[in-house]
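See below for the structure under consideration.
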Amino acid sequence: MCAQACSSSSTVPKRSLRTQATSELSITSLVNSDDHSLSWGTQMNETRIHYHGELEEVRSDLIRLGAMVSETIGRGTAALLDRDLHAAQVLIDGDDVIDDFCLGLEERCYRLLALQSPIAGELRFILTSLRLISELERSADLIVNVCKASRRIYDVEFGPQIRGLIEQMGVEATFLIRAAIDSYVDADTSLASALDDIDDRLDELQVAYVQAIFRSHSEMNLNLQGAVQMAMIGRYYERVGDHAVNIGERVMYMVTGWLPEKSGAARQRLREAEAEAGVEAGNSTAQNDEAGEAARLDSPHEEGSGEVPDGA
């Protein structure tokens, strides 16, 4: 599977970091200089060129990983619809290849963090890449779950509507993963922010799919165990879309430095402040009530006491 995925992704053009081009210009000017005292600066620039080359390799390998995962989605969907147990098993076994690829890529990112001490945009690029590795690896695991479920419902006949919905969910999930990777490669914040809205289509398909399963079960065309397994398949596709949305959020962070969690954290701090203010207001009211009650009890003019003050 890895060979096919890699060959399919080899057509994707490599992209160069702007900082790499800048470093190459700097080192060229140093090499052509008559001042040999700049040799140390040349060595430093060579180090930076190598570093930027490693960043480019990370970017290229993430493109390959995205191609592998998107291909897995299509092949997993085909294995499910065709009830091809051999193809399903090949994908299940092939997930080890994706896991190994992800592990190697993740270790390279950690090595860059440790040895290069990146800052600003380069740091966000590496952190985002680490997050994307996790999201893509989990997406591949979800398709493995689809393949495993296909073995458990091997004897279940899919009606035309259910087959059509499964096929559409596979297409939408593949599109979302590819769009998410495109937003990462191009640093496209517009596409990244649109992924959440695009994912609504997959959510709607998943709802329609579950409703079709319930109808089939109520009409006695599908037993309970088969209905549960098929409903889980819809959930797996829907989760792939969620991972694509997560990738889009991380791309927004890579480009802008904005984390989506900041909005939630701000809302939580506001709720805590309001709750604290409410507690303080409640305590203040209670203290005032207690003070007023104490003053009333201590007063010789307490209403209903029957006592007449001196001089009345």
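Residue numbers (the working numbering): 761 to 1072. Quick reminder that beta carbons are idealized off the backbone N, C-alpha and C, glycines included.
Excluding the 5 residues preceding and the 5 following residue i in the sequence, name in chain order all residues of the same chain whose CB lies nearer than 8 Å to its CB.
i	result
Leu872	Tyr811, Glu814, Leu815, Val818, Pro878, Ile886
Thr949	Ser943, Val1011, Met1012, Val1015, Thr1016
Leu851	Met761, Thr832, Arg835, Gly836, Ala839, Ile903, Val904, Cys907
Ala947	Val1011, Met1014, Val1015
Arg843	Ser910, Tyr914
Phe918	Leu841, Ile926
I'd like the list of long-range same chain contacts for residue i, defined as Cβ closer than 7 Å, with 5 residues on each side in sequence excluded.
i	result
Ser899	Val829, Ile937, Val1000, His1003
Glu897	Ile858, Asp859, Cys862
Asn1076	Not covered by the structure: residue 1076. The range shown for the chain is 761 to 1072.
Met992	Ala909
Thr934	Ser830, Ile833, Gly834
Arg884	Tyr1013, Met1014, Gly1017
Please classify residue i as buried or exposed, where buried requires at least 16 other C-beta atoms within 10 Å of its C-beta.
i	result
Phe974	exposed
Arg1027	exposed
Tyr870	exposed
Leu875	exposed
Asp794	Residue placement at Asp794 is poorly supported in this model, since its pLDDT is 42, which falls under 50; the coordinates are not used for a value here.
Leu845	exposed
Asp959	buried
Gly1038	exposed
Leu1019	exposed
Ala940	buried
Leu1030	exposed
Gly854	buried
Are the beta-carbon atoms belonging to residue i and residue j less than 7 Å from one another?
i	j	result
Leu840	Val916	no
Ser889	Leu984	no
Glu927	Gln966	no
Ser910	Ala848	yes
Tyr996	Leu925	no
Ile922	Ala972	yes
Glu932	Leu962	yes
Give the secondary structure of residue i by DSSP, where H, G and I count as helix, E and B as strand, and everything else as coil.
i	result
Gly1017	coil
Tyr914	coil
Gly919	coil
Ser830	helix
Ile879	coil
Ala947	coil
Asn983	coil
Asp859	helix
Val791	Per-residue confidence for Val791 stands at a pLDDT of 32, beneath the threshold of 50, marking its modelled position as unreliable; the derived number appears in the next sentence. Looking at Val791 - three-state DSSP - the assignment turns out to be helix.
Asp844	coil
Glu927	helix
Leaving out five residues on either side along the sequence, give the residues of the same chain with a beta carbon under 6 Å from the beta carbon of residue i.
i	result
Ala952	Ser943, Gly1008, Val1011, Met1012
Met929	Leu965, Tyr997
Glu866	Ile893
Gln989	Ala909, Arg912, Ile913
Pro920	none
His977	Ala987
Gly994	Gln966, Tyr969, Val970
Asp957	none
Given the structure, does residue i come close to the ligand SAH, in the sense that its CB is under 6 Å from one of the ligand's heavy atoms?
i	result
Gln1028	Among the components of this structure there are no ligands whatsoever, and the ligand SAH is therefore not found.
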